[in-house]
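The opening position of the sequence shown corresponds to residue 0 in numbering that gives the first Met the number 0, with each subsequent residue numbered one higher.
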Amino acid sequence: MARQIKIFDTTLRDGEQSPGCSMNLQDKLTVAESLASLGVDIIEAGFAIASPGDFKSVQAIARNIRGVTVASLSRALEKDIDASWEAIRDAESPRIHTFLATSPLHMEYKLKKTPDQVYEQAVAMVAYARNLCGDVEFSLEDASRSDLQFMYRVIEGVIAAGASTVNIPDTVGYAVPEEFAALIHSIRNNVPNIDKAVISVHCHNDLGLGVANSLAAAMAGADQIECTVNGLGERAGNAALEEIVMNLYTRKEYYNMTTRIDSTKLWQASKRVSKATGVRCQPNKAVVGENAFAHESGIHQHGVLANRATYEIMTPESIGLPHNKMVLGKHSGSHAFEERLSYLGYRVSEERLKELFDAFKNLADKKKTVSDRDIDAMVGGSLRGIPEAFKLDRFVINSGSSITATSVVRLELRDGSKVEKVAIGDGPVDASLNAVDKIIGGSEIKLEDYSLQIVDATDTGADAQGETHVRISRDGRTWNGGGVSTDIVESSIMAYLSAINAMLFELEQEKTRSAS
Ligand code: KIV
Ligand code: ZN
0 MARQIKIFDT
10 TLRDGEQSPG
20 CSMNLQDKLT
30 VAESLASLGV
40 DIIEAGFAIA
50 SPGDFKSVQA
60 IARNIRGVTV
70 ASLSRALEKD
80 IDASWEAIRD
90 AESPRIHTFL
100 ATSPLHMEYK
110 LKKTPDQVYE
120 QAVAMVAYAR
130 NLCGDVEFSL
140 EDASRSDLQF
150 MYRVIEGVIA
160 AGASTVNIPD
170 TVGYAVPEEF
180 AALIHSIRNN
190 VPNIDKAVIS
200 VHCHNDLGLG
210 VANSLAAAMA
220 GADQIECTVN
230 GLGERAGNAA
240 LEEIVMNLYT
250 RKEYYNMTTR
260 IDSTKLWQAS
270 KRVSKATGVR
280 CQPNKAVVGE
290 NAFAHESGIH
300 QHGVLANRAT
310 YEIMTPESIG
320 LPHNKMVLGK
330 HSGSHAFEER
340 LSYLGYRVSE
350 ERLKELFDAF
360 KNLADKKKTV
370 SDRDIDAMVG
380 GSLRGIPEAF
390 KLDRFVINSG
400 SSITATSVVR
410 LELRDGSKVE
420 KVAIGDGPVD
430 ASLNAVDKII
440 GGSEIKLEDY
450 SLQIVDATDT
460 GADAQGETHV
470 RISRDGRTWN
480 GGGVSTDIVE
490 SSIMAYLSAI
500 NAMLFELEQE
510 KTRSAS
């Protein structure tokens with residue numbers, strides 16, 4: 000029988016450590032929901048002691064997401080472990096994850112401790128964590144560059160102190176698959192109490208071997224793989240969840256291992272993470288890249304038409320990639336639209352359905368063909384559950400190569416009133432965002448990042464939808480926003496407003512919490 004591998008997702012912790020990938024509370028909750036419905040076994044929700052914001056998001060995930068273990072990372076220090084426990088104690092199944100470096104380099108230069116001191120601290124802190132929580136994971140940071148005999152000793156000690164999972168990270172992405180597999184073998188053969196714990200691996204991708212090392216380790220007996228959606232993570236990232244899952248799925252006769260992941264939700268999870276972080280995958284990214292199922296050359300197209308298996312080792316359907324063009328048009332009814340939403344994996348309330356249907360009708364008016372990806376972009380962007388303090392009502396731009404761009408923007412406020420302002424700028428987008436700033440009094444808001452892409456790369460029509468991502472900052476904190484429209488100025492204003500609404504919502508919530 001196939002062995003079941005536990006998937007430990009660290010998108011919200013290691014993934015969030017990717018440069019420019021910070022997420023706000025609402026986005027983290029949306030990603031956590033997506034991970035739970037994907038079927039991951041453990042969600043590492045964050046590093047509770049890192050900041051009050053991290054603490055709140057770990058706590059919110061622990062309190063709201065069910066059917067999955069929720070972990071929080073902690074250095075091997077009492078104050079970190081206490082913060083983690085406080086944040087996760089209300090989870091259905093809480094886990095404290097604590098770590099300490101075991102490599103000579105880290106012990107000498109970072110920790111400035113002897114191996115004996117590191118051993119004592121690791122064992123003491125696992126015992127401390129175990130007093131609080133029944134599920135404790137210990138990671139030997141920089142394990143792949145640690146001394147074998149010392150690792151055996153630490154692993155044996157932390158298991159005896161109560162760790163039920165021991166994680167062997169390739170922290171700097173230095174390992175080679177055969178060597179890493181041998182390391183897992185030797186741990187299994189030399190740690191006397193290893194049968195009392197699950198062996199986990201956590202591989203970084205500095206040399207592009209994160210997934211290969213994780214799979215080699217699983218073949219050698221590791222039962223848990225730590226990974227991230229889209230391969231996000233420190234520096235070059237972590238092993239990509241979707242690649243691990245589809246390797247095990249596509250080559251099941253070779254690996255003879257399974258996971259609990261519903262692979263048909265991978266594409267959507269990838270999109271959610273891109274939306275939440277504002278970071279899109281490279282087009283040729285394995286499994287979830289825009290080109291992963293595109294066949295460009297005539298020879299390949301011919302082969303695929305004759306028999307898809309000629310050039311496709313997995314089907315687009317197996318990862319839930321929306322592919323077929325909508326047959327619905329502007330005369331279609333809401334029932335057919337609801338069915339299509341359900342096919343794409345969305346369950347929405349009656350009220351939301353009505354709003355989305357209106358938006359779809361608007362889109363169908365503007366576009367000849369509406370693809371499933373258009374629908375997904377439209378719905379996914381509005382799933383954040385953030386109330387709109389400001390909504391775009393209309394805008395008019397005047398722009399050209401020899402005139403200063405001017406934009407008149409009118410926004411609808413929460414009470415239904417409308418405010419209009421005019422601004423100039425360096426092009427129509429800049430002018431429009433300046434007009435928004437004038438309305439909301441947003442002089443302290445900085446636009447940190449702006450990107451624009453076509454929603455559906457196969458859509459070559461002039462009516463293709465543009466998807467804009469923005470990241471804004473205020474007082475050192477950042478928020479992401481996204482907007483989709485057939486008009487790029489409109490999608491830009493929408494993205495900017497969505498980031499502003501996320502910011503206002505979070506600040507208002509913080510104010511309410513501190514007042515109560
Ligand atoms: O890469 C690493 O070593 C880590 C540990 C904290 C698990 O992220
Ligand atoms: Zn890591």
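For every residue, glycine included, the Cβ atom is placed at its ideal position computed from N, Cα and C.
* Same chain, Cβ closer than 8 angstroms to Q120, neighbours up to 5 away in sequence not counted -> A75, L99 and K112.
Practice task
Run the CB neighbour count on K417, radius 10 Å, all protein chains shown included, and call it buried at 16 or more, exposed below.
Solution key: Burial call: exposed.
- In angstroms with no decimal places, state the Cα-to-Cα distance between S401 and K284. Approximately 41 angstroms between the Cα atoms of the pair.
Checklist line | Buried versus exposed call for T477 [16 or more other C-beta atoms within 10 Å across all chains shown] | finding: Residue environment analysis places T477 among the buried positions, since at least 16 neighbouring C-beta atoms fall within 10 angstroms of its C-beta.
**Asked** If you run the structure through DSSP and keep just helix, strand and coil, what is V39?
**Response** Note: V39 maps to coil in three-state DSSP.
Quick check on DSSP: helix, strand or coil for M256? Of the three classes helix, strand and coil, the one that applies to M256 here is strand, per DSSP.
> If you draw a straight line from the alpha carbon of K324 to that of V197, how long is it in whole angstroms?
Replying inline: Confidence in K324 is poor, its pLDDT being 49 and thus under 50, which makes the residue's placement too unreliable to answer from.
Inter-residue spacing [alpha-carbon to alpha-carbon] between A533 and I471: With the chain running from 0 to 515 in the structure shown, residue 533 is simply not present.
Proximity of S516 and I312 at Cβ, strictly below 7 angstroms: With the chain covering 0 to 515 only, the question about residue 516 has no answer from this structure.
query: Cα separation between R409 and D392?
result: Rounded to whole angstroms, R409 to D392 spans 5 angstroms at the Cα level.
**Request:** Can you tell me which of N166, I158, T101 and A82 puts its alpha carbon nearest to the alpha carbon of L131?
**Result:** Nearest Cα to L131 within the set N166, I158, T101 and A82: A82.
Exercise for the section: Would you list the residues sitting across from H96 in a DSSP beta bridge? Expected result: Under DSSP, H96 takes part in a beta bridge, and its partners are L72 and E136.
- Where T403 sits in the DSSP three-state scheme: Strand.
Taking 7 angstroms as the limit between beta carbons, can you name the residues of its chain near D89, skipping five residues before and five after? Once the five neighbours on either side are set aside, the close Cβ partners of D89 are A61 and R62.
- request: Tell me whether S370 sits in a helix, a strand or coil according to DSSP, three-state version.
  value: For S370, the three-state secondary structure derived from DSSP is strand.
TODO: Please name the residue in I243, W84, E107 and V228 whose C-alpha comes closest to that of R271.
DONE: Per the Cα distances, V228.
Inspect the beta-carbon positions of V469 and A434 and report whether they are closer than 7 angstroms. No, the Cβ-Cβ distance between V469 and A434 is not below 7 angstroms.
With distances taken from CA atoms, which of F179, G332, E447 and H301 is nearest V210? Comparing Cα-Cα distances from V210 to each of F179, G332, E447 and H301, the minimum goes to F179.
* Asked: Along the chain, which unbroken stretches of the alpha helix (DSSP H) at least 4 residues long are found entirely within the region 267-347?
  -> 297-305 and 333-342, all fully within the region 267-347.
Q452, DSSP secondary structure in three states:
Secondary structure at Q452: strand, using DSSP grouped into helix, strand and coil.
To which residues of the same chain is D53 closer than 8 angstroms at the C-beta, ignoring the five residues directly before and after it? Excluding sequence neighbours, D53 sits near G45, F46 and A47.
- prompt: At a cut of 8 angstroms, does the region 235-246 reach the region 414-433 through at least three beta carbon pairs?
  reply: Contact fails: fewer than three Cβ-Cβ distances are below 8 angstroms.
Next on the checklist: Please tell me whether I524 and G220 are closer than 7 angstroms, where the distance is taken between their beta carbons.
Outcome noted: What is shown of the chain runs 0 to 515, which leaves residue 524 out entirely.
Original post:
At a cut-off of 6 angstroms, is D205 close to the ligand ZN when judged by its beta-carbon and the heavy atoms of the ligand?
Top reply: No, the ligand ZN has no heavy atom inside 6 angstroms of this Cβ.
### Message
For the ligand GDP, I want to know if A180 counts as a neighbour, meaning its beta carbon is within less than 6 angstroms of at least one of the ligand's heavy atoms.
### Response
Looking for the ligand GDP in the displayed structure turns up nothing; the ligands present are the ligand KIV and the ligand ZN.
Starting from the Cα of V421, find the closest Cα among L231, F394 and G475 and give me that residue.
Of the candidates L231, F394 and G475, the one whose C-alpha sits nearest the C-alpha of V421 is F394.
request  = Compare the C-beta of S269 against all C-beta atoms of chain C and say whether one is closer than 7 angstroms.
outcome  = In the structure shown, chain C does not exist; there is a single protein chain.
Measure from the alpha carbon of Q3 to the alpha carbon of each residue in V39, V153 and E32, then state which is nearest.
-> It is V39 whose Cα lies nearest to the Cα of Q3.
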